[in-house]
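Asks: Take the sequence shown: its letter number 146 is residue 145 in numbering that gives the first Met the number 0, and every next letter is one higher.
Just passing along the structure, written as structure tokens.
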Amino acid sequence: MSLKNYFATTRSSARLTSGSFELREGVRRIRMIPRLGFIVAAFASLVGSATGALDTYINFQPGTATVPAGYIKDAGLGFSATRGFGWVREDSLANATATPLDVSKNARNRARAGIDPRLNTLIHMQLPSTSTGVYTPAAWEYTVPNGIYTVTVSVGDAPPYDSLHTTSVEGQLLIDRFQGTATKEFLQVTAEVTVEDGKLTVDAIGGT
0 MSLKNYFATT RSSARLTSGS FELREGVRRI RMIPRLGFIV AAFASLVGSA
50 TGALDTYINF QPGTATVPAG YIKDAGLGFS ATRGFGWVRE DSLANATATP
100 LDVSKNARNR ARAGIDPRLN TLIHMQLPST STGVYTPAAW EYTVPNGIYT
150 VTVSVGDAPP YDSLHTTSVE GQLLIDRFQG TATKEFLQVT AEVTVEDGKL
200 TVDAIGGT
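Have a look at this one:
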């Protein structure tokens with residue numbers, strides 16, 4: 000998911016090309032890849048404006064996996080105000096403060112040959128009963144300034160393609176029950192969302 004924040008009435012621009020960013024002054028941007036049931040590859044970056052330099056890239060992964068160059072790992076720890084991001088119980092999102100949830104046992108490394116290592120690593124948001132870990136559905140939150148963000152979400156998984164991928168950001172449904180195939184494992188959607196509570200929230204409610 001990538002986010003571009005527009006400050007005041009001036010809209011700065013950014014472009015994503017072949018997995019890289021062209022960033023211009025005044026842009027705040029977060030990129031990660033959530034999948035229904037998973038947050039995959041956390042391409043997550045937050046780049047500040049000219050008045051507040053901030054540049055962060057996050058990869059969702061097991062704690063022991065190699066961290067991609069230039070990235071910070073998210074290994075599934077519960078949300079921390081000090082860290083500024085992390086996991087919470089999905090059923091607590093309606094509360095004034097969501098309940099932190101440690102889902103580090105849900106981190107995986109698919110280690111598929113020929114796949115970008117950022118796409119091979121993931122954290123289950125909705126762990127299937129056939130796997131071992133934390134079964135409480137989880138959501139992910141990132142502290143960001145209030146504003147309008149352009150969000151790009153990519154969903155998908157390796158075979159057997161038995162998930163119906165659903166992803167919402169700030170309560171806005173971006174991907175609705177996408178099922179991957181051997182010829183189309185991932186789906187990418189871009190939309191604008193508004194953050195009004197100081198936290199960008201990603202959930203997989205409605206998926207399987």
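Positions of the beta carbon are idealized from the N, C-alpha and C atoms, including for glycine.
#1: Assuming residue 188 and residue 173 are in contact, meaning their beta carbons sit under 8 Å apart, how far apart are those beta carbons, in whole angstroms?
#2: Determine the contact status of residue 78 and residue 61, defining contact as a CB-CB distance below 7 Å.
#3: Output the distance between the C-alpha atoms of residue 163 and residue 157, rounded to the nearest integer angstrom.
#4: Taking only three categories from DSSP, how would you classify residue 73?
#5: List the residues that DSSP assigns as beta-bridge partners of residue 85.
#6: Confirm, please, whether the CB-CB distance from residue 138 to residue 92 is below 7 Å.
#7: Are the CB atoms of residue 135 and residue 154 nearer to each other than 7 Å?
#8: Mind checking whether residue 199 and residue 143 have CB atoms under 7 Å apart?
#9: Whose C-alpha, out of 197, 83, 75, 68, is nearest the C-alpha of residue 147?
#10: Just to confirm the assignment, what range does the alpha helix (DSSP H) spanning residue 199 have?
#11: Under three-state DSSP, which class holds residue 91?
#12: Among 88, 121, 111, 96, whose alpha-carbon lies nearest the alpha-carbon of residue 74?
#13: What does DSSP give as the partner residues of residue 106 in its beta bridges?
#14: Measure the Cβ-Cβ separation of residue 108 and residue 133 and say whether it is below 7 Å.
#15: Hey, out of 192, 203, 66, whose CA is closest to residue 145's CA?
#16: Cutting at 8 Å between CB atoms, please list the residues of its own chain near residue 17, excluding the five before and the five after it.
Replies: On the basis of the data shown:
#1: 5 Å
#2: no
#3: 13 Å
#4: strand
#5: 140
#6: yes
#7: no
#8: yes
#9: 197
#10: Careful: residue 199 lies outside any alpha helix (DSSP H), inside the beta strand (DSSP E) at 198–202.
#11: helix
#12: 121
#13: 122
#14: no
#15: 192
#16: Bear in mind that the predicted position of residue 17 carries a pLDDT of just 28, short of 50, making it unreliable; the figure below should be weighed with that in mind. Hits under 8 Å: none found.
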